[in-house]
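Notes for the one structure printed next.
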Amino acid sequence: MGYAMTKFALIALTHATRREGWAQGIRATAICPSFVHTGMTAGVEGVPSVDMIQPDDLAELVATALTLPNNAVVAEILVNYQLEDMF
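Per the working numbering: the sequence shown = residues 2 to 88.
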């Protein structure tokens, strides 16, 4: 429960930052990746590491969001590894 509440709070903060900072040129995007093949997910059972999101692929998505013109913003980027349950 604590994880879900914290994640919701951070997404809300990101949206509030985007709205409040828009006039000053501040943009914010919530990046919500699933399992990323890093040391943090090394011991996860049931998700083979070869199926996880590669860090370079996630970095490419973030770089794309950062290079958008200042009149556009991606509010959230949800990145799943393959096809996983979301609900």
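Cβ atoms here follow ideal geometry from the backbone N, Cα and C, with glycine treated the same way.
Just so you know, these numbers come straight off a predicted model, no measurement behind them.
Consult DSSP for V63 and reduce its assignment to one of helix, strand or coil. helix
Three-state secondary structure assigned by DSSP to V51: helix
Just to confirm the assignment: which complete beta strand (DSSP E) runs, minimum length 3, are found wholly within the segment 6–59? 31–34
With a threshold of 7 Å, establish whether the CB of G44 neighbours any heavy atom of the ligand GDP. Within the structure as shown, the ligand GDP is missing, as the structure has no ligands at all.
Would you report the Cα separation of S50 and A10, rounded to the nearest angstrom? 29 Å
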